[in-house]
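Just so you know, the protein sequences line up as chains Z and A, in that order.
Anchor point for the first sequence: position 225 equals 378 in this note's numbering, and the numbering is continuous, going up by one each time.
Anchor point for the second sequence: position 53 equals 370 in this note's numbering, and the numbering is continuous, going up by one each time.
For each residue, glycine too, the CB sits at the ideal point set by N, CA and C.
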Amino acid sequence: MDIRKIAVLGAGRLGRGIAENAASKGYDVLLFSQGAGGQDALKRIEKSLDRKLAKWAITESEKKMILSRISHTLDLKELSKVDLVVEATIDHFYTKQELLRTADHLCRPDVVFIATSSTLQVSDLARGITRNELLVGLHFIPPVPEVPVAELVRGFSTSERAVEIAKKFAAQMGKEIIEINESPGLVNPRALISLINEAAYMLDEGIGDAAAIETIIKESWGMTQGPFEMADRLGLDLILNWMEQMQEEFGDRYAPCPLIRRYVRQKRLGVKTRLGFFPYTAEDTIALSQEQED
Amino acid sequence: MKIFVLNCGSSSVKYKLYEMETETVLADGKVERIGQENAQITHQSMNHGEIEKTMPIYEHTVAISESLNLLVHPEVGVIDSLDEITGVGHRVLHGGEYFKESVLVSDKELALMDELRELGPLHMPANITGIRACQKIMPGTPQVAVFDTAFHSTMPKRAYLYAIPYDLYERYRVRKYGFHGTSHKYIAGRVGQLMGKDPAELKVISCHLGNGASIAAIDGGISVDTSMGFTPLEGLMMGTRSGDIDPAALDFIMEKENVPMSNINSMLNKHSGLYGIAGVSDMRDIEKGVLEGDKMCQIAFDMYEYRIRKYIGGYVAAMGGVDAIVFTAGIGENTPSLRSKLCESLSYLGITLDEERNQTRGQDIEISTPDSKVKVFIIPTDEEVVIARDTAAIIG
Numbered sequence: 154m155d156i157r158k159i160a161v162l163g164a165g166r167l168g169r170g171i172a173e174n175a176a177s178k179g180y181d182v183l184l185f186s187q188g189a190g191g192q193d194a195l196k197r198i199e200k201s202l203d204r205k206l207a208k209w210a211i212t213e214s215e216k217k218m219i220l221s222r223i224s225h226t227l228d229l230k231e232l233s234k235v236d237l238v239v240e241a242t243i244d245h246f247y248t249k250q251e252l253l254r255t256a257d258h259l260c261r262p263d264v265v266f267i268a269t270s271s272t273l274q275v276s277d278l279a280r281g282i283t284r285n286e287l288l289v290g291l292h293f294i295p296p297v298p299e300v301p302v303a304e305l306v307r308g309f310s311t312s313e314r315a316v317e318i319a320k321k322f323a324a325q326m327g328k329e330i331i332e333i334n335e336s337p338g339l340v341n342p343r344a345l346i347s348l349i350n351e352a353a354y355m356l357d358e359g360i361g362d363a364a365a366i367e368t369i370i371k372e373s374w375g376m377t378q379g380p381f382e383m384a385d386r387l388g389l390d391l392i393l394n395w396m397e398q399m400q401e402e403f404g405d406r407y408a409p410c411p412l413i414r415r416y417v418r419q420k421r422l423g424v425k426t427r428l429g430f431f432p433y434t435a436e437d438t439i440a441l442s443q444e445q446e447d
Numbered sequence: 318m319k320i321f322v323l324n325c326g327s328s329s330v331k332y333k334l335y336e337m338e339t340e341t342v343l344a345d346g347k348v349e350r351i352g353q354e355n356a357q358i359t360h361q362s363m364n365h366g367e368i369e370k371t372m373p374i375y376e377h378t379v380a381i382s383e384s385l386n387l388l389v390h391p392e393v394g395v396i397d398s399l400d401e402i403t404g405v406g407h408r409v410l411h412g413g414e415y416f417k418e419s420v421l422v423s424d425k426e427l428a429l430m431d432e433l434r435e436l437g438p439l440h441m442p443a444n445i446t447g448i449r450a451c452q453k454i455m456p457g458t459p460q461v462a463v464f465d466t467a468f469h470s471t472m473p474k475r476a477y478l479y480a481i482p483y484d485l486y487e488r489y490r491v492r493k494y495g496f497h498g499t500s501h502k503y504i505a506g507r508v509g510q511l512m513g514k515d516p517a518e519l520k521v522i523s524c525h526l527g528n529g530a531s532i533a534a535i536d537g538g539i540s541v542d543t544s545m546g547f548t549p550l551e552g553l554m555m556g557t558r559s560g561d562i563d564p565a566a567l568d569f570i571m572e573k574e575n576v577p578m579s580n581i582n583s584m585l586n587k588h589s590g591l592y593g594i595a596g597v598s599d600m601r602d603i604e605k606g607v608l609e610g611d612k613m614c615q616i617a618f619d620m621y622e623y624r625i626r627k628y629i630g631g632y633v634a635a636m637g638g639v640d641a642i643v644f645t646a647g648i649g650e651n652t653p654s655l656r657s658k659l660c661e662s663l664s665y666l667g668i669t670l671d672e673e674r675n676q677t678r679g680q681d682i683e684i685s686t687p688d689s690k691v692k693v694f695i696i697p698t699d700e701e702v703v704i705a706r707d708t709a710a711i712i713g
């Protein structure tokens, strides 16, 4: 079956990124979201494309073409028209499972579902739906259009056909697909958490100030952002939450550094509160909120 | 003998059916927006005028089948059966160093073309898909590949090598290949006919000025240098391509603007040239702007003319003289003001232009005065007929 029209469930940063990326590779995209935030998802995608246009990555006509391929809807019934579903809602098990169940009733029986969570298990999510063999995990890393790699996992019942379709879709999206085994945190978020935690320990132990630790790690490994900037942009509350999940799963080697707990208690959450490991201006906060979640 | 000529782009297919005895076009057309629900077919046949159809077409194979169906259509068709087609000629972007002339395609040639995909990532996949599709639809019909680079394969090493470590040429064949070869080849032959001389006796500078633009120095009928390089980006200023630029400037821009090389590549190919300077990429808009006193259009026009002039001067030096300068393709054929300015700038070569003849459009014409030391021509290019001729010659 050829995949031409896809549905992206969720119009947050991840969903919009997937929608933009897929449309730029020729897919027709139905972007579904609940609530008021989703209404301006198309405007936000247009802004993202405008930023690319300003830096010559695309042309005006390519921008128009990409936008013309994306439509937004609040009506789940339209899922009956799609060839593939990508679920990209917040990492909340029951919310995701409920949405997948609804989509399961509405989509054609051969349609493959893709779950994008890095912390929830494909096998667990698949239990709630009849097409459990057609659910594949594909972890895209934001900003999706720019990051060239994606992690693929299969659940207990995932079929070979579903994996092949997901691989073909991700390849068409321009991603190098790396298949790994199902495990909480996969590779990318788990490694990220370890790096942030270790950097926080070094700061707490007084080995250097935040700028010194950040610069050494960032520059010596050729990273565009160091661990503290990444943590500040993601939000220390989210990082703490991930660390606690990893600790529950893998034990104390993921125990959050006390400094991170302290910062979260102090509402020192990163860019969004204008103070995390580093201070930020109001403009930084606005810019980040525009870039990120609705 | 009937030859079907095919030019497959990433989302389009253009075709022509020739009767070779008279080189008459029996039908031609194009399929655009392949891959979409609303793909459009525009077909024109000798006896039945134009037909337009909009339908979902997701693959090149379907686009080609639809085109062929129109050729044998009971009402608008121009042939009774596809068996009447003796051969298919395919325009192929890149022949690399493997293909120095047009070839009959077998699995061996297709395998070599597959290797050349990385040299033309936008065009080669579609070109190869077109050949495979025709092999499937018309299994017994010979397929011939005609390469855009082949005519320039006669360039000497001193012209095609870049002055970078030679290892890079040996490892990856990084060198100047040149493009628009089929067009320059047509010009080389046609100008000889118009001058009543054997091309082997002539030194010709062929200026193919379309949205993409290149100049070729053709000495004795063979290409000895051309302005496009490893990719079509090098050389002249174009509609949206920069042409020649100091590569060190790119590193500087990447750092200042904090952008990756992919953005720079897109900037040089799609945001530069006439568009980059004046905000419009069409020479007709530039000419209009010049007449209205638009400063940026004037600058863009001057840059465009100046760069062509420099290349012409360079190629006169490379060949040790020139007998004829030819203008072809959209801008070359339809911009009298550009030709006028160029010929005025090149008057030191003994060129004098007949301004009245210079206003001609759409036909082969000599536009220099009878006493001009170097002859200047407008010759509308015809790449398809070259592809058809090569195909006919190869399949005999």
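Straight-line CA distance for L167/Z to T548/A? Distance from the CA of L167/Z to the CA of T548/A, rounded to the nearest whole angstrom, comes to 36 Å.
Can you give, in chain order, each stretch of the alpha helix (DSSP H) that sits fully within the region 498-579 of chain A and has at least 4 residues? Along the length of the region 498-579 of chain A, whole alpha helix (DSSP H) runs at least 4 residues long occupy 498-512, 564-574, reported in chain order.
Backbone secondary structure at E446/Z - three-state DSSP: Bear in mind that the predicted position of E446/Z carries a pLDDT of just 46, short of 50, making it unreliable; the figure below should be weighed with that in mind. If DSSP states are grouped into helix, strand and coil, E446/Z belongs with coil.
Which full runs of the beta strand (DSSP E) of 3+ residues lie inside the region 377-410 of chain A, going along the chain? Whole beta strand (DSSP E) segments, 3+ residues: 402-409.
Can you pull the chain A neighbours of W209/Z, defined as C-beta to C-beta under 7 Å? Residues of chain A passing the Cβ test: N580, S583, M584, H588.
Going by CA-CA distance only, name the one from T283/Z, R343/Z, S271/Z that's closest to T311/Z. Checking every option, the nearest Cα to that of T311/Z belongs to T283/Z.
List, in order along the chain, the chain Z residues whose C-beta lies closer than 7 Å to that of V379/A? The contacting residues do not exist; V379/A stays about 12 Å from chain Z at best.
With burial defined as no fewer than 16 other Cβ atoms inside 10 Å of the residue's Cβ, what is the status of F381/Z: buried or exposed? Buried: at least 16 other Cβ atoms inside 10 Å.
Between the C-alpha atoms of I682/A and E672/A, what's the straight-line distance to the nearest angstrom? C-alpha separation (whole angstroms): 12 Å.
I'd like to know if Y375/A contacts chain Z, where contact means its C-beta is closer than 8 Å to some C-beta of that chain. Interface with chain Z (8 Å Cβ-Cβ cutoff): Y375/A is included.
Quick one: what's got a C-beta closer than 6 Å to E700/A's C-beta in the same chain, skipping five residues either side? The beta carbon of E700/A lies closer than 6 Å to those of T499, S500 in the same chain, with the five residues before and after it left out.
In or out: S540/A buried (at least 16 other Cβ within 10 Å) or exposed? Its Cβ being crowded by 16 or more others within 10 Å, S540/A is buried.
Spatial distance of P577/A from N675/A (CA atoms): Each residue's alpha carbon lies about 45 Å from the other.
When S657/A, G606/A, V639/A, A646/A are compared against Y623/A, the one with the closest alpha-carbon: Closest in alpha carbon position to Y623/A, among S657/A, G606/A, V639/A, A646/A, is S657/A.
With DSSP as the reference, label T116/Z as helix, strand or coil. For residue 116/Z there is no data in the structure shown, the boundaries of chain Z being 154 and 447.
If the criterion is Cβ atoms closer than 8 Å, does the pair M399/Z and R343/Z meet it? Yes; because the gap between Cβ atoms is below 8 Å, this pair is in contact.
Going by DSSP in three states, P482/A sits in which element: helix, strand or coil? P482/A: coil per DSSP, three-state reduction.
Look up K417/A in the DSSP assignment and say whether it is helix, strand or coil. Note: K417/A maps to coil in three-state DSSP.
Excluding the 5 residues flanking T226/Z on each side, which residues of the same chain have their C-beta closer than 8 Å to its C-beta? So the qualifying residues of the chain are L183, L184, F185.
Beta-bridge partners of C325/A, as assigned by DSSP: For C325/A, which the question treats as bridged, DSSP gives the partners V330/A.
For G352/A, decide whether its Cβ has a neighbour in chain Z, counting only Cβ atoms nearer than 8 Å. Among the CB atoms of chain Z, one or more fall inside 8 Å of the CB of G352/A.
Output the distance between the C-alpha atoms of M440/A and E432/A, rounded to the nearest integer angstrom. Here residue 440/A turns out to be His, not Met, going by the sequence shown. If you draw a straight line from the Cα of H440/A to the Cα of E432/A, it comes to about 13 Å.
T359/A bridges to which residues according to DSSP? DSSP, once it has assigned bridges, lists K347/A, E369/A as partnering T359/A.
Hey, is E574/A's beta-carbon within less than 8 Å of any beta-carbon in chain Z? E574/A counts as touching chain Z.
Tell me whether S685/A sits in a helix, a strand or coil according to DSSP, three-state version. Of the three classes helix, strand and coil, the one that applies to S685/A here is strand, per DSSP.
Could I get the ranges of all uninterrupted beta strand (DSSP E) runs contained in the region 321-375 of chain Z, with 3 residues as the minimum, in chain order? The qualifying runs are 329-332.
Quick check on DSSP: helix, strand or coil for Y592/A? Correct three-state label for Y592/A: helix.
Could you tell me whether the region 488-497 of chain A touches the region 557-571 of chain A, using the rule of 3 or more Cβ pairs below 8 Å? No contact exists between the region 488-497 of chain A and the region 557-571 of chain A.
Work out the CA separation of G375/Z and S328/A for me, nearest whole Å. S328/A and G375/Z: Cα-Cα distance of roughly 38 Å.
Would you report the Cα separation of E173/Z and G394/A, rounded to the nearest angstrom? Cα to Cα, the separation comes out at about 43 Å.
Tell me the DSSP secondary structure of R406/Z in three-state form. Assigned with DSSP and collapsed to three states, R406/Z falls in helix.
The region 459-472 of chain A contacting the region 694-709 of chain A, beta-carbon criterion three pairs below 8 Å: With a cut-off of 8 Å, the region 694-709 of chain A and the region 459-472 of chain A count as touching, because enough Cβ pairs lie within range.
Cα separation between I504/A and T371/A? Going from the Cα of I504/A to the Cα of T371/A covers about 36 Å.
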